[in-house]
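Right, one structure below, let's go through it.
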Amino acid sequence: MKKIIALLLALMLVFSLAACASGDTSTDTSTDTSTDTSTDTSTDTSTDAAEDTDTAEDTDTTEDTTTDASALNVGVFYYAYSDTYISSVRSALDAALEAKGIAYNDYDGNNNQATQNEQIQTAITNGCNLLIVNMVTSGSSDTAKQIMELAGDVPVIFFNRAVEEDGNEGTVLGAYENICFVGTDAPEAGHLQGQMVGEYLLANYDTVDLNGDGVISYAMFKGDEANVEAIYRTQFGVEDANAVLTEAGKPELQYFDANNTTGYQVDLGGAWSAQAALDYMNTNLSQYNEANGNMIELIICNNDNMAEGAISALNAAGYNNGEGTTTIPVFGVDATASAQQLIKDGKMTGTVKQDAEGMANAIAEVAASVGAGSNLTDGVAAAAALNADMYTVADGIANKLFVAYAPYTGE
């Protein structure tokens, strides 16, 4: 009898060990599957968030925030990774989301709206429950509506690129409950740039007027024909500069090519690229130069990428190379790291700061509010409360948040 009991106990021990082994295998498989089906960024974000929670002070607020954030599966859709400013926003937003313990996946639309729509549809199918969208087709109510229809009940934070045509503000943002916008007040950059250009010219007029004819000849590079930001920057960058000049008794700016009635050259690919400005400027300088007495004396650009391209062309022609060479004033928008360096080196004159980190922090705050159970309008209010000088809610549109621009000359 003792032998039988001993045998039964041995068998029970074997079965118990087998059951434990089976549980370990299940856990390992689940972990591997989770890692394989998500991006490294999402996996690292979840891990970092868990580690931060473990090492943080044990407070109810921290625990609640982590629990709420962990429920989010966010898709962040960029119009193009190649855009320098957007690249800055992406880096800042990745960091801001990670700091809040929010898991996310980034997507590159590669400047193609159809591609972006497909990415959004796939992300939702895979369980994405919050969309953060930088639309490829800027200022298009139809495109924004298509994205909202794809989203269904999934909330959408649009950012940076306008979701509605100029004059149609609120038509899309007011038509859905699960929508908001975080971006900039489009005319502001143009006004700041124009004021900056005008003031610089008054202080340096004779130096800038290379041929001494009393009139400043300028080139203007427009990023995208239909983009509302590009439209206002093109308009006010010149109009406001002219207002400063004429008030001081100086003549208005004169576009360098009298045959071009638009008064600008546009990136036909809509990419606001340095290459487009470089190509245009190389061609311009072959016809308009000091030897011919019709040199372009001022360059105004809708963004810093195009400013960099124009400066590259000037460098090749012997200008803007630092001390000892003639410097043609070049102005841009964004205050990217490379533009700040060009200003420091004396190769670029000024730019308008579009705060990538400020925009990213506002978006992350809205996302965190969604995770905590708030609607997007309340999330916008929460973001606005972070910094009254930087963030303002649009008049009459409670789900639209503006991030302030600021002039930048390196001083």
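Those letters in the sequence shown? Residues -21 to -1, 1 to 390, by mature numbering (1 follows the signal peptide of the UniProt record, and there is no 0).
Ideal Cβ placement from N, Cα and C applies to all residues, glycine included.
> Do Met327 and Ala286 have their CB atoms nearer than 8 Å?
Replying inline: yes
>> So, at 8 Å on beta carbons, what are the nonlocal neighbours of Lys332 in its own chain, with the 5 sequence-adjacent residues on each side left out?
In response: Asp313, Ala314, Tyr384, Ala385, Pro386, Tyr387
> Using a Cβ-Cβ cut-off of 8 Å (strictly less than) and excluding sequence neighbours within five positions of Asn96, which residues of its own chain qualify?
Replying inline: Gln125, Ile126, Leu129
>> Does the segment 195 to 203 come into contact with the segment 272 to 290, if we say contact requires no fewer than three beta-carbon pairs (one atom in each stretch) closer than 8 Å?
In response: yes
>> Since Gly173 and Val217 should fall inside the 8 Å C-beta cutoff, what is the C-beta to C-beta distance between them, to a whole number of angstroms?
In response: 7 Å
> In angstroms, rounded to a whole number, what distance separates the CA positions of Val223 and Gly177?
Replying inline: 5 Å
>> On the DSSP letters alone, give me the boundaries of the beta strand (DSSP E) that Lys229 sits inside.
In response: No beta strand (DSSP E) holds Lys229; DSSP gives it neither H nor E.
> Are Val55 and Asp85 closer than 8 Å when you measure CB to CB?
Replying inline: yes
> Enumerated in chain order, which unbroken segments of the beta strand (DSSP E) with a length of 3 residues or greater are wholly contained in the segment 150 to 223?
Replying inline: 158 to 162, 196 to 201
>> For Cys(-2), count the other beta carbons within 10 Å of its own beta carbon; 16 or more makes it buried, fewer makes it exposed. Which is it?
In response: Model confidence at Cys(-2) stands at a pLDDT of 32, short of 50, so the residue's coordinates are unreliable; what they give is reported in the following sentence. Per the 10 Å Cβ criterion, exposed.
> Do you know offhand how far Leu293's Cα is from Ala141's?
Replying inline: So the two alpha carbons sit approximately 33 Å from each other.
>> So, at 8 Å on beta carbons, what are the nonlocal neighbours of Ala346 in its own chain, with the 5 sequence-adjacent residues on each side left out?
In response: Scanning its chain for C-beta atoms nearer than 8 Å, with the 5 sequence neighbours on each side dropped, one finds around Ala346 the residues Leu51, Val53, Leu76, Lys79, Ile81, Leu109, Ile111, Ile136, Gly358, in chain order.
> Nearest-angstrom Cα distance between residue 412 and Ala351?
Replying inline: Outside the displayed span of the chain (-21 to 390) sits residue 412, for which this structure offers no information.
> Does the beta-carbon of Asn378 have 16 or more other beta-carbons within 10 angstroms, so that it is buried, or is it exposed?
Replying inline: buried
> In chain order, what residues of the same chain have a beta carbon less than 8 Å from the beta carbon of Ile322, not counting five sequence neighbours either side?
Replying inline: Correct list, in chain order: Thr328, Gly329, Thr330, Tyr387, Thr388, Gly389.
> For Leu189, which residues from the same chain have a beta carbon less than 8 Å from its beta carbon, with the 5 sequence-adjacent residues on both sides left out?
Replying inline: These residues qualify, in order along the chain: Glu269, Met274, Glu276, Thr305.
>> Considering only the alpha carbon of each residue, which of Tyr155, Ser348, Asn238 lies closest to Ala362?
In response: Ser348
>> Here's the rule: buried if 16 or more other CB atoms are within 10 angstroms of the residue's CB, otherwise exposed. What is Thr356?
In response: buried
> Closest to Asp121 by CA distance: which of Asn183, Gln92, Glu336 is it?
Replying inline: Gln92
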